[in-house]
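S.K.: Residue numbers (this note's numbering): 40 to 289.
1. If you count every other CB in all the chains shown that lies within 10 Å of the CB of residue 147, and 16 or more means buried, which is it?
2. State the Cα-Cα distance for the pair residue 76 and residue 275, rounded to the nearest angstrom.
3. Once the 5 residues before and after residue 176 are set aside, which same chain residues still bring their CB inside 8 Å of it?
4. Give the DSSP bridge partners of residue 163, in chain order.
5. According to DSSP, is residue 175 part of a helix, a strand, or is it coil?
6. Use the C-beta contact count for residue 152: other C-beta atoms within 10 angstroms, 16 or more gives buried, fewer gives exposed.
7. Nearest CA to the CA of residue 285: which residue from 263, 271, 71, 163?
8. What residue range does the alpha helix (DSSP H) around residue 71 cover?
9. Check whether the region 257-275 and the region 96-109 touch, using three or more Cβ-Cβ pairs below 8 Å as the test.
10. Taking residue 268 and residue 123 to be in contact with their CB atoms under 8 Å, please state how far apart those CB atoms are, rounded to whole angstroms.
11. Looking only at its chain, what residues have a beta carbon closer than 6 Å to the beta carbon of residue 143, apart from the 5 residues adjacent to it on each side?
12. Put residue 266 into one of helix, strand or coil per three-state DSSP.
13. Should residue 216 be flagged as near chain D, meaning a C-beta pair shorter than 8 Å?
14. Label residue 63 either buried or exposed according to how many other C-beta atoms from any shown protein chain fall within 10 Å of its C-beta, with 16 as the threshold for buried.
15. Pull up the distance between the alpha-carbon of residue 80 and that of residue 226, whole angstroms please.
16. Using the C-alpha atoms, what's the distance from residue 245 back to residue 228?
17. Just to confirm the assignment: which complete alpha helix (DSSP H) runs, minimum length 4, are found wholly within the region 225-283?
18. Closest to residue 117 by CA distance: which of 212, 53, 198 is it?
19. Could you please give the first and the last residue of the uninterrupted alpha helix (DSSP H) stretch that includes residue 142?
20. Sort 247, 56, 68 by Cα distance to residue 45 and report the nearest one.
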């Protein structure tokens, strides 16, 4: 699959965009698709900023704007990452590896999933409200893009798949460490500009998100035997939440 094919696959996987997929989806294609994921995040982040800015012009309350922006992102991504977050939360609630993977495959929402979803959606909406009212909308783009770089961080070389089939088997271990480090540096540099008067705040936000994703991938490897598609979704939402919450402080 060509590089352009990797972009098409990334858009097909990560958004509702009606992009036709061509060629065979193998590990090489998956590696190229994940390489494009941060750029997809840039587009999605810009969409969220457009929603927030438009609603502010219409006089909507900041919290309402934040809730609707979160809903727009969920709709634009088919809610896949939120579903992955919910399944991962339920899976981590089971201490038997086989049972945990079965729970995650089942897809129904248990108590852990409900609590985590309410917490994450509440934090994201509240943080977006603050970022909107304080003119820190650049932090929104940074957060959503960081959430897509989290895929590469979870799929760095050496991280195994929890199952021999599924999304995890396609993408686990496909991203060179140099690439994951380069994206991290790019995000740190971008973080310098997203909080006016506090250049350190965006940098700290990205660093905390990277640490959180690294901890999640290590914990998933220990508990599940590796990563799955659900873990990638959870990592994306975790990284996004950490960045928006940190940038909204103060």
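Glycine is no exception: its CB is placed at the ideal position from the N, C-alpha and C atoms.
M.R.: Here's the rundown:
1. Burial call: exposed.
2. Rounded to the nearest angstrom, the two C-alpha atoms are 11 Å apart.
3. Answer for residue 176: 88, 91, 92, 170, listed in chain order.
4. In the DSSP output, where bridge partners are listed per residue, residue 163 has none listed.
5. If DSSP states are grouped into helix, strand and coil, residue 175 belongs with coil.
6. Counting the other Cβ atoms within 10 Å of the Cβ of residue 152 gives 16 or more, which makes it buried.
7. Checking every option, the nearest Cα to that of residue 285 belongs to 163.
8. Counting along the chain, the alpha helix (DSSP H) containing residue 71 begins and ends at 66-96.
9. These segments do not touch.
10. Residue 268 to residue 123, Cβ: 6 Å. Contact.
11. So the qualifying residues of the chain are 126, 130, 269.
12. Three-state result, residue 266: strand.
13. Here chain D cannot be found, since the structure has a single protein chain.
14. Looking at its Cβ environment, which holds fewer than 16 other Cβ atoms inside 10 Å, residue 63 is exposed.
15. Per the coordinates, the alpha-carbon of residue 80 lies some 12 Å from the alpha-carbon of residue 226.
16. The C-alpha of residue 228 lies about 10 Å from the C-alpha of residue 245.
17. Positions of the alpha helix (DSSP H) runs, each at least 4 residues long and wholly inside the region 225-283, are given as 238-263 in order along the chain.
18. For residue 117, the nearest C-alpha among the options comes from 53.
19. Per DSSP, residue 142 belongs to the alpha helix (DSSP H) from 136-145.
20. Selected option, being the one with the closest Cα: 68.
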